[in-house]
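**Q** Taking full-length UniProt numbering, the leading residue of the sequence shown gets 1, the next gets one more, and so forth. The C-beta atom is built at its ideal place from N, Cα and C for all residues, glycine as well. First, the structure itself, so that you have it in front of you.
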Amino acid sequence: MSDNWDSSRVEQKISINFKYDETLRLALIHPSYAKLIEEPEIDNQRLTYLGETMLNLIIVDYICDNFSHFQVGKLKALRDKLTESDRLTKLWYDLQLGESYPFLGLKEERHRLRVKQSNPFEKAFKALVGAIYIDRGFSQARNWLQKHLIVPLLKPYLKPELSRDSSVKQIELLGNSLLEGVAVDYLYRHILSASPTRLKSLAKKLTAKDSQSKYVAQIPDAAWGEIVSNENKPKSCKTLLAKVYLNLNESNSKSSFRKVSSFMKEYCFDDDEIMERAISLLLKDGKPQKWIIHNVMGYPSNKYNEGREKFHELQKLTNKLDD
């Protein structure tokens, strides 16, 4: 990539200043361009996966809050309408990004790529959402999406006079999106450099029914009661998560998702078990031990021996789980 790339050109178009412009640049690197500059592992695919998950969560959060008079089927249809490929691609061009971004190594012209059902502009939009989330936080990403995507489409249909009491199924819908969001956020931050395919495999395990049952059992009644004091702890993980989020949202909507993530990390996610599972998958992919220690576990060269010890410790955990 050209060393004179100026992040302010994009920041002005999207009306957000990044703390770390490298995160923004990463969102704009299509895999074809990464191969062209001979850095095939540095592209926007991980951010695309993260952004897609956060996009879904932010939309579901908004529609459950503002369209609680809708049946769950209609809410899902509304969510799907907002995330259509054509809509996200059009918004990318409306932001005046399409003619220059993302950085591509493809020979096909942009106007031809634009009309394809799966195109680099839709994926770059999702990667941008992921980048905004990582750099500026959930609240900023939510505000940005509401301003540019959600409110322009849905504002004419808002009916503030109607009751906003959510049904059990709506709570479950929100809880499902929260669980996905928390899991993918955790994996993005802790399982470094792993491909989206592997992150999806790990997320599937973290959000599986048996895992959800385990989470509910692991969360102390006292921890639940500190946040939701007037209800017994639900048996459903999705309901529990949604109610924790909604209660935190009432006191401080800017920090509610971060606190939900911390809540799940403290009581539900086992760091070693998740890393062990990731290592096992990566070894099956043929990734060498040294690469895993440096790029996935995050140990720098001067702490390689420490990383190797941890690697072998996790391998012993694998053997115990197999037994």
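State yes or no: is the C-beta of L173 within less than 8 Å of the C-beta of V60?
**A** The residue given as residue 173 occupies position 173 in the sequence shown. The residue given as residue 60 occupies position 60 in the sequence shown. Their beta carbons are under 8 Å apart, which means L173 touches V60 by this criterion.
**Q** What three-state label does DSSP hand I279 in the structure shown?
**A** Taking the sequence shown and counting its residues from 1, one reaches residue 279 at position 279. I279 falls in the helix class under three-state DSSP.
**Q** From the DSSP output, in three-state form, read off I29 for me.
**A** Translated into the one-based positions of the sequence shown, residue 29 becomes position 29. Reduced to three states, the DSSP call for I29 is strand.
**Q** How should H30 be labelled, buried or exposed, when 16 other C-beta atoms within 10 angstroms of its C-beta is the threshold for buried?
**A** Taking the first residue of the sequence shown as position 1, residue 30 is located at position 30. It is buried - the Cβ of H30 has at least 16 other Cβ atoms within 10 Å.
**Q** Using three-state DSSP, classify F70 as helix, strand or coil.
**A** If you number the sequence shown from 1, residue 70 lands on position 70. If DSSP states are grouped into helix, strand and coil, F70 belongs with coil.
**Q** Classify F121 as helix, strand or coil using the three-state DSSP reduction.
**A** In the sequence shown, residue 121 corresponds to position 121, counting from 1. DSSP places F121 in helix when its eight states are reduced to three.
**Q** With distances taken Cα to Cα, identify the nearest neighbour of H148 among S32, P288, S253 and Q96.
**A** Your numbering for residue 148 matches position 148 in the sequence shown. If we check each option's Cα against that of H148, Q96 comes out closest.
**Q** For Y157, count neighbouring C-beta atoms within 10 Å of its own C-beta (all shown protein chains included) and say buried if the count is 16 or more, exposed if not.
**A** Along the sequence shown, one-based indexing puts residue 157 at 157. It is exposed - the Cβ of Y157 has fewer than 16 other Cβ atoms within 10 Å.
**Q** Relative to the C-alpha of D65, which residue among S118, L82, K76 and S166 is closest?
**A** Working through the sequence shown from its first residue, we reach residue 65 at position 65. It is S166 whose Cα lies nearest to the Cα of D65.
**Q** Beta-carbon separation of M54 and G181 under 8 Å?
**A** For the purposes of this step, residue 54 is taken as residue 54 along the sequence shown, with counting starting at 1. For the purposes of this step, residue 181 is taken as residue 181 along the sequence shown, with counting starting at 1. Yes, these two residues count as a Cβ contact at 8 Å.
**Q** A127 and A223: beta carbons closer than 8 Å?
**A** If you number the sequence shown from 1, residue 127 lands on position 127. If you number the sequence shown from 1, residue 223 lands on position 223. For A127 and A223, no; Cβs fall outside 8 Å.
**Q** Could you tell me the distance, in whole angstroms, from the CA atom of L192 to the CA atom of A131?
**A** To locate residue 192, count along the sequence shown from 1; it is residue 192. To locate residue 131, count along the sequence shown from 1; it is residue 131. Taking the straight line from one Cα to the other gives about 15 Å.
**Q** Where S2 and D80 are concerned, what is the direct C-alpha to C-alpha distance, given to the nearest angstrom?
**A** One-based indexing of the sequence shown puts residue 2 at position 2. One-based indexing of the sequence shown puts residue 80 at position 80. Confidence at S2 is low in this model, with a pLDDT of 47, below 50, so its placement is unreliable and no value can be given for it.
**Q** Given a cut-off of 8 Å, decide if P102 and I113 are closer than it, judged by their beta-carbon atoms.
**A** One-based indexing of the sequence shown puts residue 113 at position 113. One-based indexing of the sequence shown puts residue 102 at position 102. It is Leu, not Ile, that sits at residue 113 in the sequence shown. Result no, Cβ atoms of L113 and P102 do not sit closer than 8 Å.
**Q** Do the segment 243 to 252 and the segment 189 to 203 meet, that is, are 3 or more Cβ pairs less than 8 Å apart?
**A** Too few Cβ pairs lie closer than 8 Å, so no.
**Q** For F103, which residues does DSSP report across the bridge?
**A** Within the sequence shown, numbered from 1, the residue matching residue 103 stands at position 103. I29.
**Q** Is the distance from the Cβ of L57 to the Cβ of S177 below 8 Å?
**A** For the purposes of this step, residue 57 is taken as residue 57 along the sequence shown, with counting starting at 1. For the purposes of this step, residue 177 is taken as residue 177 along the sequence shown, with counting starting at 1. Yes.
**Q** Alpha carbon to alpha carbon, how far is H190 from L47?
**A** For the purposes of this step, residue 190 is taken as the residue at position 190 of the sequence shown. For the purposes of this step, residue 47 is taken as the residue at position 47 of the sequence shown. About 14 Å.
**Q** Should V129 go down as buried or exposed, given a rule of 16 or more other Cβ atoms within 10 Å for buried?
**A** Counting from 1 along the sequence shown, the entry for residue 129 is found at position 129. Burial call: buried.
**Q** Classify P234: buried if its beta carbon has 16 or more other beta carbons within 10 angstroms, exposed otherwise.
**A** Your numbering for residue 234 matches position 234 in the sequence shown. Burial call: buried.
**Q** Return the first residue and the last residue of the alpha helix (DSSP H) that F138 is part of.
**A** Position 138 of the sequence shown, counted from the first residue, corresponds to residue 138. Where F138 is concerned, the enclosing alpha helix (DSSP H) stretches over F138 to L145.
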